[in-house]
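S.K.:
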Amino acid sequence: MTSAPADRPPTPPTWPGLLMTLLAARDLTTDETRWAMGQVMAGEASPIQLAGFLVALRAKGETVPEIGGLVDEMLAHAHRITVPGPTLDIVGTGGDLHRTVNISTMAAFVAAGAGARVVKHGGRAVSSASGNVDVLEALGGRVDLPPARVAEIAEEVGITFCPAPVFHPAMRHAGPVRKGLAVPTAFNVLGPLTNPAQPAASAIGVPDERLAALIAGVLAARGRDALVFRGHEGLDELAATGPARLWWVRDGRVTEHELDPVRDLGLDAVTVADLRGGDAGSNADVARQVLAGSAPAAVRQTVLLNAAAGLAVQASAVQGSADASDDASLVDRLGAGLAAATAAIDDGRADAVLQRWVAATQA
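According to my numbering, the sequence shown holds residues 6 to 368 in order.
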């Protein structure tokens with residue numbers, strides 16, 4: 006059990022002070038976690054200090070204000086971009102260990118084909134056999150473009166990608182510690198929260214219910230629209246493998262829902278094995294098949310469902326007053342998103358977006 010931050014003298018934070026607070030199971034303030042992240046970004050935190058901080062914070066249990074401070078400081082050191090219009094990110098945190106194909110990457114192209122303006126933030130492999138950046142390279146695109154060009158491509162094509170190493174270069178200081186710890190920490194939730202375009206809408210898959218609720222709380226505090234979900238069997242995407250938990254974020258509020266894709270949307274049941282991926286080249290081949298309309302049914306359906314999640318929350322951001330406070334209205338919105346996503350594949354728009362994106366990155 007944790008306690009709220011105690012009234013502490015306004016003295017500059019120190020690593021011993023922060024660690025003692027966490028070991029006493031007391032919460033840190035936003036300013037304190039922002040200071041800690043600033044030390045990391047500047048390369049001034051030793052590996053021991055950073056590892057101790059991350060483990061102690063995880064053992065206590067992260068809070069919305071604590072994560073908010075980390076996000077604020079990480080964005081302060083990022084290469085930010087501005088993309089006009091209500092933008093959308095479809096992303097998974099990774100860490101579900103199921104090594105599926107790149108569902109969110111394919112769903113992003115489908116959502117763009119359906120008319121959404123997508124700015125996707127991602128990196129290399131975590132839980133899949135290949136990550137977002139890996140499969141984009143295998144599809145023939147360039148991912149090392151300068152931020153200004155990345156923003157231009159969003160307007161030209163309707164989709165663009167922000168690789169974390171390019172947009173958050175200061176995070177290189179944390180890489181060895183994260184790899185060495187090899188356990189989930191606060192840094193696992195930062196990716197979906199630190200998209201350099203700060204899109205108006207996000208569909209975020211998280212394999213852990215506690216972290217999913219935490220991410221939803223952070224997004225609500227920041228006034229963002231989002232659909233956060235934890236798939237059946239701990240998937241970080243929606244799939245008709247069984248019931249999923251969802252958190253709809255709107256107007257600073259979070260409502261919880263349960264979705265059974267088979268019962269509620271009439272989808273065919275699939276297994277995790279149906280979604281298993283391979284290396285970057287293999288997953289890129291699957292992506293081409295999905296966008297061209299010739300993929301295996303289980304993968305196609307799962308991509309459509311995740312694109313529908315993105316389109317549902319993006320529609321909410323556009324309409325302003327949209328509500329999905331009950332299960333029925335959320336199912337209706339997902340159903341509309343499924344229809345739009347299906348049409349985008351069937352009429353060739355999703356595949357055309359892929360071709361235009363590859364050409365734009367190589368121009």
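Note that the Cβ used here is the ideal one computed from N, Cα and C, for glycine as well.
Can you look up residue 277 in the DSSP assignment and give me helix, strand or coil?
M.R.: Helix, per DSSP.
S.K.: With 16 other CB atoms within 10 Å as the buried threshold, where does residue 25 fall?
M.R.: Residue 25 is exposed by the Cβ-count criterion.
S.K.: Under the assumption that residue 37 contacts residue 74 (Cβ atoms under 8 angstroms), give the Cβ distance between them as a whole number of angstroms.
M.R.: Correct: roughly 7 angstroms between the Cβ atoms.
S.K.: Apart from the five residues on each side of it in sequence, which residues of its chain come closer than 7 angstroms, Cβ to Cβ, to residue 1?
M.R.: In the structure as shown, the chain starts at 6 and stops at 368, and residue 1 therefore has no counterpart that could be examined.
S.K.: Could you tell me which of 21, 185, 243 sits nearest to residue 211, measuring between CA atoms?
M.R.: Of the candidates 21, 185, 243, the one whose C-alpha sits nearest the C-alpha of residue 211 is 243.
S.K.: Here's a check: name, in chain order, each residue in its chain whose Cβ is nearer than 6 angstroms to the Cβ of residue 208, leaving out the five neighbours to either side.
M.R.: Counting only Cβ-Cβ distances below 6 angstroms, and skipping sequence neighbours, we find 95, 232, 314, 315, 318.
S.K.: Compare the Cα-Cα distances from residue 206 to each of 253, 294, 353 and report the closest residue.
M.R.: The residue with the shortest Cα to Cα distance from residue 206 is 253.
S.K.: Mapping DSSP to helix, strand and coil, what is residue 98?
M.R.: Three-state DSSP puts residue 98 in coil, outside helix and strand.
S.K.: In the DSSP output, which residue or residues are listed as bridge partners for residue 168?
M.R.: The partner list for residue 168 (beta bridge, DSSP) reads 127.
S.K.: Could you spell out where the alpha helix (DSSP H) holding residue 430 opens and where it closes?
M.R.: Here the chain comprises residues numbered 6 to 368, so residue 430 is not present and cannot be evaluated.
S.K.: Is there contact here, the region 282 to 289 with the region 101 to 115, by at least three beta-carbon pairs under 8 angstroms?
M.R.: Yes, since at least three Cβ pairs between the region 282 to 289 and the region 101 to 115 fall closer than 8 angstroms, the two stretches touch.
S.K.: Measuring only the C-alpha atoms, how far is residue 284 from residue 137?
M.R.: One C-alpha to the other measures close to 12 angstroms.
S.K.: Quick check on residue 164: buried or exposed, where buried means 16 or more other Cβ atoms within 10 Å of its Cβ?
M.R.: Classification for residue 164: buried.
S.K.: Using 7 angstroms as the cut-off, classify the Cβ of residue 80 as near or not near the heavy atoms of the ligand ZN, replying yes or no.
M.R.: As presented, the structure is devoid of all ligands, the ligand ZN included, so that no description of it is given.
S.K.: Taking the alpha carbon of residue 53 as the reference point, which residue from 195, 178, 189 has its own alpha carbon closest?
M.R.: Checked all of 195, 178, 189; the closest Cα to residue 53 is 178.
S.K.: In its own chain, which residues sit with a C-beta less than 7 angstroms from the C-beta of residue 195, not counting the 5 before and 5 after it?
M.R.: So the qualifying residues of the chain are 75, 76, 79.
S.K.: Any idea what DSSP makes of residue 35, helix, strand or coil?
M.R.: DSSP places residue 35 in helix when its eight states are reduced to three.
S.K.: At which residue ranges does the region 305 to 366 contain complete alpha helix (DSSP H) runs of 4 or more residues, listed in the order of the chain?
M.R.: Whole alpha helix (DSSP H) segments, 4+ residues: 332 to 351.
S.K.: When you compare only the Cα positions, how much space is there between residue 241 and residue 116?
M.R.: Approximately 18 angstroms, taken between the alpha carbons.
S.K.: Assuming residue 296 and residue 272 make a contact with CB atoms under 8 angstroms, what is their CB distance in whole Å?
M.R.: So it is not a contact: roughly 19 angstroms between Cβ atoms.
S.K.: DSSP on residue 149, reduced to helix/strand/coil?
M.R.: If DSSP states are grouped into helix, strand and coil, residue 149 belongs with coil.
S.K.: Less than 8 angstroms between the C-beta atoms of residue 341 and residue 230, yes or no?
M.R.: Result no, Cβ atoms of residue 341 and residue 230 do not sit closer than 8 angstroms.
S.K.: If you compare alpha carbons, which of 281, 247, 256 is closest to residue 269?
M.R.: Minimum Cα distance to residue 269 is reached at 247.
S.K.: Check residue 132 in the structure and name its three-state DSSP category.
M.R.: Since pLDDT at residue 132 reaches only 45, below the 50 mark, its modelled position is unreliable, and the value read off the structure follows with that caveat. In the structure shown, residue 132 sits in coil (DSSP, three-state: anything other than H, G, I, E or B).
S.K.: Name the residue from 345, 222, 70 whose alpha carbon lies nearest to the alpha carbon of residue 260.
M.R.: Considering only alpha carbons, the answer is 222.
S.K.: Skipping 5 residues on each side, what residues in its chain have a beta carbon closer than 7 angstroms to that of residue 214?
M.R.: Closer than 7 angstroms at the Cβ level, and outside the excluded window around residue 214, lie 235, 250.
S.K.: Drop a sphere of 10 angstroms on the beta-carbon of residue 275, count the other beta-carbons inside from all chains shown, and report buried for 16 or more, exposed for fewer.
M.R.: Its Cβ being crowded by 16 or more others within 10 Å, residue 275 is buried.
S.K.: Assign residue 110 to one of three DSSP states: helix, strand, or coil.
M.R.: Helix at residue 110.
S.K.: Run through the region 172 to 221 for me and flag every whole alpha helix (DSSP H) of 4 or more residues, listed as ranges in chain order.
M.R.: Runs found: 180 to 186, 192 to 198.
S.K.: Can you give the beta carbon distance from residue 366 to residue 146, rounded, assuming they're within the 8 angstroms contact cut?
M.R.: So it is a contact: roughly 4 angstroms between Cβ atoms.
S.K.: Please list the segments of the alpha helix (DSSP H) lying wholly inside the region 218 to 273, counting only runs of 4 or more residues, in order along the chain.
M.R.: Whole alpha helix (DSSP H) segments, 4+ residues: 266 to 270.
S.K.: Is residue 80 helix, strand or coil by DSSP?
M.R.: Of the three classes helix, strand and coil, the one that applies to residue 80 here is helix, per DSSP.
S.K.: Relative to the alpha-carbon of residue 135, which residue among 16, 118, 148, 105 has its alpha-carbon at the smallest distance?
M.R.: The residue with the shortest Cα to Cα distance from residue 135 is 105.
S.K.: Can you give the beta carbon distance from residue 266 to residue 300, rounded, assuming they're within the 8 angstroms contact cut?
M.R.: Incorrect: roughly 17 angstroms between the Cβ atoms, too far for contact.
S.K.: Rounded to the nearest angstrom, what separates residue 45 and residue 337 at their Cα positions?
M.R.: Straight-line Cα distance between these residues: approximately 44 angstroms.
S.K.: With a CB to CB cut of under 6 angstroms and the five nearest residues on each side skipped, what residues in its chain are close to residue 132?
M.R.: Its pLDDT being 45, under 50, residue 132 is placed unreliably by the model, and the measurement read from it follows with that caveat. These residues qualify, in order along the chain: 99, 100, 101, 102.
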